[in-house]
Every structure is written in structure tokens, then in C-alpha cells.
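Take a look at the structure below.
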């Protein structure tokens with residue numbers, strides 16, 4: 001005889017109401033054990049989700065390349081059950097970063113290794129904030145035609161460190177528009193970041 005055991009509480013009640021009493025105690029204990037395991041797994045899943053950090057992603061994109069990276073990174077974060085607020089730097093100010101547990105910044109490199117003009121005010125505002133204990137990472141679209149490859153990424157990494165942030169991943173640099181493979185790299189970047197950020201989600 002084959003017995004199929006499910007985690008359904010109503011199924012447990014139905015089985016216990018049957019007239020067959022032989023081995024009932026052992027069978028009921030087995031069902032109870034499975035139900036306890038299920039409840040434990042559900043509780044663990046809730047606790048893991050609750051432990052995920054609040055993440056903000058701020059980016060600048062002129063041609064859409066860095067925005068594509070931002071979207072893929074955000075998708076990676078969400079694939080792990082995380083939540084992320086994605087904003088253009090034109091709609092953000094640096095003081096907002098202090099509200100979050102973790103920070104992602106994205107920028108393309110302008111001219112001979114400079115930040116985009118739209119990032120300059122935000123960059124200067126970062127001198128007035130402290131991100132001690134926050135996890136952070138930086139990404140950006142780059143162009144190998146210029147001598148300073150992806151310098152904006154390096155500038156933002158250094159600025160984040162000056163604020164006290166913990167930069168947990170190397171800067172992610174992609175040549176111009178991300179290919180399918182590079183978009184997947186961006187998603188993995190987001191997935192890895194949310195895991196690292198979760199370890200520092202609790203802050204004073």
C-alpha cells in the first residue's frame with residue numbers, strides 16, 4: 001500500500017478521522033513532523049526576506065547604456081527577493097542615501113575621465129553625508145576610445161569610501177551597451193550585492 005503524505009493541515013485532519021487505528025500514533029507523529037518542518041521553512045523564508053537590506057540605486061545615463069545596466073542589476077536584486085529603489089541622479093540628492101542600508105551608484109564616464117555633468121552636484125553633496133556601515137558598489141558604461149577607461153566608476157568608489165561606506169564589490173565596467181552576456185553579468189552583480197548587503201542590514 002502506498003501512502004502519500006502532504007503538508008495540508010486539512011488532509012491531516014481527514015486522516016485522523018478515519019476508522020483505521022493501527023499505527024495511527026506513529027503516522028500522526030510523522031505528519032506532525034512534516035508540518036513542523038513546513039512551518040519552520042516558512043518562518044525562515046520570512047526572516048530571510050525581512051533581513052534583506054533597503055537598497056537605493058542612483059544612476060546617470062545619457063545614451064541609455066548605464067540605464068540598461070541599472071535595470072539588469074535591479075532585476076538581479078529582485079530575483080533574490082530584495083527590493084530596490086531606482087532613481088535617475090537628476091531626481092535624487094545625496095542626503096537620501098542616508099535613509100538606506102545599501103547604496104549602488106552608476107555613471108558613464110564623460111570626456112577625459114570625468115563625471116557626467118548631471119552627477120557633479122550630487123557628487124559634491126556627498127561631502128556632507130556619512131554612510132558608515134552601509135554597503136556600496138558602483139557600475140557604469142565605458143568607452144575604450146578614451147584614455148581613462150571608466151574613470152567615473154573609480155571616482156564614485158573613492159567618494160563612497162570617503163563617506164565611510166563599505167564598498168563590497170569591484171566596480172563593474174561594461175564597454176558601451178551591455179551585450180546579452182554582460183547583462184547577465186549585471187544581474188549576477190545585483191544578486192551578489194543584495195546578499196552582501198543583507199549582512200550589514202542592521203545599523204544604528
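In full-length UniProt numbering, the protein residues as written are 1 to 204. All C-beta atoms in this analysis are idealised placements derived from N, C-alpha and C, irrespective of residue type, glycine included.
What first and last residue would you give for the beta strand (DSSP E) that runs through residue i?
i	result
residue 59	54-60
residue 199	Premise fails: residue 199 is in no beta strand (DSSP E) and is neither H nor E.
residue 105	102-107
Have a look at residue i and residue j and give me their C-alpha separation to the nearest angstrom.
i	j	result
residue 60	residue 77	19 angstroms
residue 177	residue 65	5 angstroms
residue 75	residue 134	21 angstroms
residue 163	residue 198	20 angstroms
residue 105	residue 180	22 angstroms
residue 92	residue 174	24 angstroms
residue 187	residue 84	13 angstroms
residue 71	residue 190	10 angstroms
residue 171	residue 152	10 angstroms
residue 140	residue 107	5 angstroms
residue 183	residue 68	8 angstroms
residue 193	residue 115	23 angstroms
residue 231	residue 79	Nothing in the structure corresponds to residue 231, since the chain is present only between 1 and 204.
Mind checking which residues open and close the alpha helix (DSSP H) that includes residue i?
i	result
residue 153	151-162
DSSP three-state label for residue i, please.
i	result
residue 92	coil
residue 79	helix
residue 175	strand
residue 127	helix
residue 168	coil
residue 144	coil
residue 66	helix
residue 112	coil
If you drop the 5 nearest sequence neighbours on each side, which residues of the same chain put their C-beta closer than 8 angstroms to that of residue i?
i	result
residue 95	125, 128, 129
residue 131	97, 98, 103, 160, 163, 164, 165
Compare the C-alpha of residue i against each of the options and name the closest.
i	options	result
residue 154	91, 137, 92	137
residue 149	113, 183, 167, 195	113
residue 122	87, 55, 71, 144	87
residue 249	56, 183, 63, 58	Shown here, the chain extends from 1 to 204; a query on residue 249 therefore has no answer.
residue 147	109, 116, 90, 156	109
residue 195	69, 139, 169, 118	169
residue 101	141, 69, 56, 171	56
residue 145	116, 111, 115	111
CB-CB under 7 angstroms to residue i, same chain, minus the five flanking residues each way: which ones, in chain order?
i	result
residue 89	58, 59, 60, 118, 119, 122
residue 167	136, 137, 157, 160, 161
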